[in-house]
Every structure is written in C-alpha cells, then in structure tokens.
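Visitor: Quick one: the structure is below, and I'll ask about it shortly.
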C-alpha cells in the first residue's frame, strides 16, 4: 500500500527557526499559500486523508481538502514529537544544541529528560497508526498530513537509515507501507 505524506505549511516559529514540537500554533500566511499551491501535487487517486490534531496540520488539510473532498480522520499518533521543555527554543539556545540537533536528525533523541518522548515512544505510536490502516485501504492510496519529525521517522522505518536533510514544508513524500511493516 502506498501512502503519501505531506508536512504542514510553514508557521511563525518555523520561520524563526524555533522548535515547535507539540506547541499548537497556526500556519503563517505563507503556510496557507503553500497549502493552496500544494493541491496540485496530491494524486487524485487518494481515497482517505489522515491528519495530526495540531492546528498547523489541520489548517493545511482543510485547505487541501477544500479541493480534494476526501473523508478525513484526525489521528493523535501523527502528532509531532513531544520535545518537552526543548520546544519553544532554537537549537542555538540549548547548551548542547548542535549535538541535540544531530541526535534529532539521526533519530537518536530522547526528550524524556525534558518531559517529552524518546524515539522509541514516537516509533511505537506511529507504528500503531500504520498497523491500524494496513489492509483497510490495500487497493487504495491515502494522504497523511503531519510533521517533520514523523516524516523523518517514516524514512528511517522504510530505509533503515535516517534522512538527515531538512524536511521541507509541503513536499510530497511517498512511502511503501508494506515495506515498512515487513521490517518491524
């Protein structure tokens, strides 16, 4: 089963290079424009949309779905990584910011000491979501609107290696659900 995954449009904190984690902030005007342009990227073959409950993902989905008109389901498992007290800061503001950024990008983080999640906790909730949709739409394609950390984890799950590059806003990523689930 093929799933298409899009990161929400840009937010004010994104523009300032501040880590938003689970801070629930709306799209910036540019993020809304990005979502409007992105409609043309989404395959018309999708039959279902899954979205994170955070407002930036919901607003992106609402803009996309105004044209797509597909059933949608809000999924808490798609919420961005809980970074605890690290959220709201830039990597530069943190004592070990460069090292933390590298751990984050390599999917080796553990934000539990800051009141957040470990990579294993995020992995389990995302895998729970993937297992729940596996088979439901076997002959169909779905769209997932989520966050950079979740997309980074999907790359790790599918390729056994993290994507250390920046996860861009409103770029269509394609994943093979069967390949991911066959590895776990």
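Residue numbers (our numbering): 108 to 291.
Think of the CB as a built atom: it goes at the ideal place given N, C-alpha and C, for glycine as much as any other residue.
Using the DSSP secondary-structure output, state which residues sit across from residue 248 in a beta bridge.
Guide: Translated into the one-based positions of the chain shown, residue 248 becomes position 141. Beta-bridge pairing links residue 248 to 153.
Visitor: Among residues of its own chain, excluding the 5 on either side of residue 180, which ones have a beta-carbon nearer than 8 Å to its beta-carbon?
Guide: Residue numbering aside, residue 180 sits at position 73 when the chain shown is read from its first letter. Contacts found: 155, 156, 157 and 158.
Visitor: Buried or exposed: residue 121, going by 16 or more other Cβ atoms within 10 Å of its Cβ?
Guide: For the purposes of this step, residue 121 is taken as the residue at position 14 of the chain shown. Buried: at least 16 other Cβ atoms inside 10 Å.
Visitor: Decide if residue 151 is buried, meaning its Cβ has at least 16 other Cβ atoms within 10 Å, or exposed.
Guide: Position 44 of the chain shown holds residue 151. Exposed: under 16 other Cβ atoms inside 10 Å.
Visitor: So residue 171 packs on residue 257, CB below 8 Å; how close in whole Å?
Guide: Numbered from 1 along the chain shown, position 64 holds the residue referred to as residue 171. Numbered from 1 along the chain shown, position 150 holds the residue referred to as residue 257. Incorrect: roughly 17 Å between the Cβ atoms, too far for contact.
Visitor: Under the rule that 16 or more other beta-carbon atoms within 10 Å means buried, what is residue 238, buried or exposed?
Guide: Here the question's residue 238 lines up with position 131 in the chain shown. By the 10 Å Cβ count, residue 238 comes out exposed.
Visitor: How big is the Cα-Cα spacing for residue 162 and residue 191?
Guide: By one-based count along the chain shown, residue 162 stands at place 55. By one-based count along the chain shown, residue 191 stands at place 84. When rounded, the distance between both Cα atoms is 18 Å.
Visitor: On a CA-only basis, which of 128, 168 and 130 is nearest residue 144? Give me that one, please.
Guide: Counted from its first residue, the chain shown places residue 144 at position 37. Comparing Cα-Cα distances from residue 144 to each of 128, 168 and 130, the minimum goes to 168.
Visitor: Quick one: using the 10 Å Cβ neighbour count with 16 as the cut-off for buried, is residue 261 buried or exposed?
Guide: Taking the chain shown and counting its residues from 1, the one referred to as residue 261 is at position 154. By the neighbour-count rule (16 or more Cβ atoms within 10 Å), residue 261 is buried.
Visitor: How far does the alpha helix (DSSP H) with residue 233 in it reach, from first residue to last?
Guide: Counting from 1 along the chain shown, the entry for residue 233 is found at position 126. First-last of the alpha helix (DSSP H) with residue 233: 226-240.
Visitor: Beta carbon of residue 142: closer than 8 Å to some heavy atom of the ligand NAD?
Guide: With respect to small molecules bound, the structure shown includes none, and the ligand NAD cannot be examined in it.
Visitor: For residue 199 and residue 209, what's the separation of their Cα atoms in angstroms?
Guide: By one-based count along the chain shown, residue 199 stands at place 92. By one-based count along the chain shown, residue 209 stands at place 102. Whole-angstrom Cα-Cα distance: 13 Å.
Visitor: In whole angstroms, what is the alpha-carbon distance linking residue 243 and residue 249?
Guide: Counting from 1 along the chain shown, the entry for residue 243 is found at position 136. Counting from 1 along the chain shown, the entry for residue 249 is found at position 142. Cα to Cα, residue 243 sits roughly 10 Å from residue 249.
Visitor: Confirm, please, whether the CB-CB distance from residue 188 to residue 119 is below 9 Å.
Guide: Here the question's residue 119 lines up with position 12 in the chain shown. Here the question's residue 188 lines up with position 81 in the chain shown. Against a cut-off of 9 Å, the Cβ pair of residue 188 and residue 119 comes out as no contact.
Visitor: Who are the Cβ neighbours of residue 207 in its own chain at under 8 Å, not counting the five residues just before and after it?
Guide: For this step, residue 207 is matched to residue 100 along the chain shown. Correct list, in chain order: 193, 198, 201 and 216.
Visitor: Helix, strand or coil: which one does DSSP assign to residue 192?
Guide: The residue given as residue 192 occupies position 85 in the chain shown. If DSSP states are grouped into helix, strand and coil, residue 192 belongs with the helices.
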